[in-house]
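Read in order, the letters of the sequence shown are residues 1 to 322 in my numbering.
Encoded as structure tokens, the structure appears first; notes follow it.
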Amino acid sequence: PTSVRPLTLEDARALERLPHITGMTATVWGNTEVNANGRLRRTTVNGVSPDMLKVFSIKVRSGQFLPAEEADNARAFIVLGARLKDELFGTANPLGARVSVGGLQFRVIGVLEAKGQFLGIDLDDAAYIPTARALELYNRDGIMKIDLSYEEGVRAAGVSALVKATLAARHGREDFTITTQEDMLRTLSNILDVLTMAVGALGSISLLVGGVGIVTIMTIAVSERTGEIGLLVALGAPRRTILGLFLGEAVALSALGGLLGLLLGIGLAQLIRLAVPALPVHTPLSFVALAEAIAVAIGLLAGVLPARRAARLNAVDALRAE
């Protein structure tokens, strides 16, 4: 057969019995209406197992989490995320209250501590019900994923091999995907590396354009100040003084541009952090210093040719041109 066999609660229980496994949660999720206390919200309702707290290191703020019950006897209990509780009940105590989820009635037995986002998913703006009840709510035959935690010191590859062998034996073939935490971190690292390279390429192009711009500006400045240069030479100003004058202007121009660019970049990074709190955004001071040093170096290199041209001007020719 070509169809993929869905993961089942029986698969999840089989994996839970494997060596070194310390926690298991079989998950189903969807977006549905939640009605309580005269307020209506559309949010994510997750079907999870009692071990979800252990697997994801989440704590209960009040009440309790879903009790360990057989799937056939799972009661209609619901646990609210911190933000969802505030939006539905405000400061009132929700424990024991009735909540309508997609037309089905549930009783609130707990509220989770604020956890924030995990991989872009807001754990606080969500509700949690038993997996068996979620399968009924969403009219699904199988669960979407199985999350496992395992003992410290055990290699992820070994656990992954056990999980793979168990599911393959149950399904008769490998019609599933196993992703370890190391795999997720590696993927995230690769994405960040690509973004870093892209930003570096854009930065290099910007530096090149900036260098050309400084050369152009300083060349125009030399042309417009020919008379001033001639007067300085006529008054006995050393060539190195004129060279230093124009090099200093080029460096000051590039340093100011670099500073403005840094302020813009830091501001943009803070906006990204506010928009996507789960995304790690950090601006190391060493990178700031390096960026400003590179900007100054570009200005110094770009200012050499115009400055040398100014220093080599003949006083008589310069004054005649003026």
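From the three backbone atoms N, C-alpha and C, an ideal C-beta is built for every residue, glycine too.
If you're wondering where the values come from, they're calculated on a predicted model, not measured in any experiment.
Spatial neighbours of isoleucine 298 in its own chain (CB-CB distance under 7 Å, excluding positions within 5 residues in sequence) are listed in chain order as Leu207, Gly210, Gly211 and Ser254. Between leucine 247 and glycine 200 a beta carbon distance of about 27 Å is seen, past the 8 Å cut, so the two are scored as non-contacting. Cβ-Cβ separation between serine 62 and valine 111: approximately 5 Å, consistent with a contact (criterion under 8 Å).
Boundaries of the beta strand (DSSP E) around phenylalanine 106: 104-112. Assigned with DSSP and collapsed to three states, arginine 5 falls in coil, not helix or strand.
A straight line joining the alpha-carbon of leucine 274 with that of aspartate 122 spans about 14 Å.
Around the Cβ of alanine 311, a 10 Å sphere holds 16 or more other Cβ atoms; the residue is buried. With the rule of 3 Cβ pairs closer than 8 Å, the segment 150-170 does not count as touching the segment 89-100. Burial of methionine 52 is indicated by the presence of at least 16 other C-beta atoms within 10 angstroms of its C-beta. Pairing arginine 5 with alanine 14, the inter-Cα distance amounts to about 16 Å.
In chain order, Pro94 and Val111 place their CB closer than 6 Å to the CB of lysine 85, counting only its own chain and leaving out the 5 sequence neighbours on each side.
Under DSSP, serine 62 takes part in a beta bridge, and its partners are Val111. Taking the CA atoms as reference points, threonine 180 sits about 33 Å from glycine 102. With a 10 Å radius around the Cβ and a threshold of 16 neighbouring Cβ atoms, asparagine 31 comes out exposed. Under the three-state reduction of DSSP output, serine 149 falls in the strand class.
For phenylalanine 176, the three-state secondary structure derived from DSSP is coil. Rounded to whole angstroms, the gap between the alpha carbons of serine 286 and valine 296 is 15 Å. For threonine 25 against valine 48, the beta-carbon gap comes to about 5 Å, under 8 Å, which counts as contact. Per DSSP, arginine 75 lies in no alpha helix (DSSP H) segment and is marked neither H nor E.
In this model, glycine 81 and arginine 42 are separated by some 13 Å (Cα to Cα).
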